[in-house]
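J.: Numbering (this note's numbering), first residue to last: 59 to 274.
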């Protein structure tokens, strides 16, 4: 019998540690969606986006892995209006045109999915210093966010990260300068290593060449 191609769903005992983790993850996802909806009503779009990612931070100290950051974007951010969209579809009578709200939600999701596919700029929640600074944000002042480090991630290349903004905060600028200095020192060392074999060749290696030139 040919394989169906479907992945077998993993089942965990309700009292197991893994089941508890899954429940907490689902509850956190629901909380993030509700927070995103509430704040988008009260604040500007950009600030509400920053607030969403602020609440996506681990409750305690620590950073997100790149995989976790992709999960937040793909399974929480992009799906935050799905229930509302489904409710609009369900309330529409058969044969009736889409409501303005339904079309708006569909268009918004299409734009965001395409943005994530081609490269979405997000606050770097994988960088320890950046996360530490982000935690100090008052959740109101957008200007503060402009000092932080941003990266670009995409659904088509989930393992690739492009630093789009290194950050203007003094701590981030100092780290970037140290990184550049270390990279320059490493490059210089590599160049010295490449030249070393030529410089360390014994004189006897060149004897035949010298003799030939003298005999001409």
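Yeah, the Cβ is synthetic: ideal placement off N, Cα and C, and Gly gets one too.
Verify whether the separation of the beta carbon atoms of residue 110 and residue 183 is less than 8 angstroms.
T.: Here the question's residue 110 lines up with position 52 in the chain shown. Here the question's residue 183 lines up with position 125 in the chain shown. Contact flag unset, no.
J.: For residue 130, list the residues DSSP reports as bridge partners.
T.: Numbered from 1 along the chain shown, position 72 holds the residue referred to as residue 130. Answer is none; residue 130 lacks a bridge partner.
J.: Going by the CB atoms, is the gap between residue 203 and residue 275 shorter than 8 angstroms?
T.: The question about residue 275 has no answer, for the chain in this structure spans 59 to 274.
J.: Using alpha carbons as the reference points, say which of 169, 105, 113 and 164 lies closest to residue 139.
T.: Here residue 139 is taken as the residue at index 81 of the chain shown, counted from 1. The candidate whose alpha carbon is nearest that of residue 139 is 164.
J.: Within its chain, find whatever has a CB closer than 6 angstroms to the CB of residue 242; leave out the 5 residues flanking it on each side and keep chain order.
T.: The residue labelled residue 242 in the question sits at position 184 within the chain shown. So the list is empty, once near-sequence residues are dropped.
J.: Excluding five sequence neighbours on each side, which residues of the same chain lie with their C-beta closer than 7 angstroms to the C-beta of residue 179?
T.: As a first step, residue 179 must be located in the chain shown, where it is residue number 121. Correct list, in chain order: 208, 210 and 222.
J.: Three-state secondary structure (DSSP) at residue 193?
T.: Your numbering for residue 193 matches position 135 in the chain shown. Looking at residue 193 - three-state DSSP - the assignment turns out to be coil, as it is neither helix nor strand.
J.: What is the rounded straight-line gap between the Cα of residue 160 and the Cα of residue 198?
T.: Translated into positions along the chain shown, residue 160 becomes position 102. Translated into positions along the chain shown, residue 198 becomes position 140. Rounded to whole angstroms, residue 160 to residue 198 spans 30 angstroms at the Cα level.
J.: Where residue 131 and residue 224 are concerned, what is the direct C-alpha to C-alpha distance, given to the nearest angstrom?
T.: Working through the chain shown from its first residue, we reach residue 131 at position 73. Working through the chain shown from its first residue, we reach residue 224 at position 166. If you take the alpha carbons of residue 131 and residue 224, they lie about 21 angstroms apart.
J.: Where residue 226 and residue 215 are concerned, what is the direct C-alpha to C-alpha distance, given to the nearest angstrom?
T.: Position 168 of the chain shown, counted from the first residue, corresponds to residue 226. Position 157 of the chain shown, counted from the first residue, corresponds to residue 215. The straight-line gap from Cα to Cα measures roughly 27 angstroms.
J.: May I ask which residues mark the beginning and end of the beta strand (DSSP E) holding residue 179?
T.: Numbered from its first residue, the chain shown carries residue 179 at position 121. Residues 178-181.
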